[in-house]
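Comments concern the structure below.
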Amino acid sequence: MVKQDLAVIDRVNSIFVELFELKRESLSEDRRIFEDLGLDSLDAIDMVIRFQKEFHIKPTTQEIQKLKTLGDIYTLIHHHMVTSVASAPT
1078 MVKQDLAVID RVNSIFVELF ELKRESLSED RRIFEDLGLD SLDAIDMVIR
1128 FQKEFHIKPT TQEIQKLKTL GDIYTLIHHH MVTSVASAPT
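To convert, note that position 40 of the sequence shown is 1117 in this note's numbering; the numbers rise steadily by one, no gaps.
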């Protein structure tokens, strides 16, 4: 795993700890957002808004609907960050 990936994972996990009062040790990439972590649809809205602000990303509705696990979130955020860096003017 790349250092950048670890930074994304750490930031995402910190957000989950802060917003939803989860224990950091309960967070891993295979944990399901709703079934395992107990989030509901309102929590999901809060989560997406926080990720948009924290990471300066704008995921599509389709991307958001596909999020099932923390791993999906890590991948989505990393993808958007890499894409935004690659498309930034030089």
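Quick reminder that beta carbons are idealized off the backbone N, C-alpha and C, glycines included.
{"Query": "Residue(s) in a DSSP beta bridge with THR1146", "Result": "ARG1109"}
{"Query": "Residues of its chain near GLU1106, where Cβ-Cβ distance is below 7 angstroms and the 5 sequence neighbours each way are ignored", "Result": "THR1146, LEU1147, GLY1148 and TYR1151"}
{"Query": "Bounding residues of the alpha helix (DSSP H) (the contiguous stretch that carries LYS1100)", "Result": "Here LYS1100 belongs to no alpha helix (DSSP H), and DSSP marks it neither H nor E."}
{"Query": "Local Cβ density within 10 Å of LEU1153, reported as buried at 16 or more and exposed below that", "Result": "buried"}
{"Query": "Inter-residue spacing [alpha-carbon to alpha-carbon] between ASN1140 and HIS1155", "Result": "Before going further, note that residue 1140 is Glu rather than Asn in the sequence given. Between GLU1140 and HIS1155, the C-alpha separation is close to 13 angstroms."}
{"Query": "Beta-carbon separation (whole angstroms), HIS1157 vs ILE1122, contact threshold 8 angstroms", "Result": "Wrong, their Cβ atoms sit about 18 angstroms apart, outside the cutoff."}
{"Query": "SER1118 to LYS1100 span [Cα, whole Å]", "Result": "20 angstroms"}
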